[in-house]
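Asker:
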Amino acid sequence: MTKLSLKEGFCIYFAQVKFDRTIYSFGSGLGYTSTIYPYVVANSTDKAEQLIRAKYDSPESRVVRIDLSLARNQNINSYIATETFLGLNKAIE
171 MTKLSLKEGF CIYFAQVKFD RTIYSFGSGL GYTSTIYPYV VANSTDKAEQ
221 LIRAKYDSPE SRVVRIDLSL ARNQNINSYI ATETFLGLNK AIE
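Straight run, no breaks: the sequence shown in this note's numbering ends on number 263.
#1: What's the C-alpha gap between Ser198 and Thr205?
#2: Can you tell me which of the three DSSP states Thr203 falls into?
#3: Suppose you measure from the CA of Ser195 to the CA of Val187; what does that come to, to the nearest Å?
#4: Pick out the complete alpha helix (DSSP H) segments inside the segment 200-262, 4 residues or longer, and give them in chain order.
#5: To the nearest angstrom, how far is it from the Cα of Phe180 to the Cα of Lys173?
#6: Grouping DSSP H, G and I as helix and E and B as strand, with all else coil, what is Lys173?
#7: The beta strand (DSSP E) with Phe196 in it runs from where to where?
#8: So for Phe184, helix, strand or coil by DSSP?
#9: Do Ile182 and Gln220 have their CB atoms nearer than 7 Å?
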């Protein structure tokens, strides 16, 4: 398994994203919901929010609220399914 390393200044954020309606969260185990919980890797909370809006905000389901916090665990190698983390491709060395 290849070890990943985050570039200096990048952090892992845990997000709570609320939509204006119920959506189907495919592959997450949540099913029909109005809130999802993605991980984001970015060098600021502003950039993390931009990545979330670019991915999830659409005319069909508007993002109405984003709550971000630093993930308690900043070791990227201890996570499973890091390929689902928003922004990871620009944050690894």
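Cβ coordinates follow ideal geometry from the N, Cα and C atoms, glycine included. Just so it is clear, the structure is predicted and the values come from calculations on it, not from any experiment.
Answerer: Per the coordinate set shown:
#1: 11 Å
#2: strand
#3: 12 Å
#4: 215-226, 258-261
#5: 16 Å
#6: coil
#7: It is not in any beta strand (DSSP E) - Phe196 carries neither H nor E in the DSSP assignment.
#8: strand
#9: no
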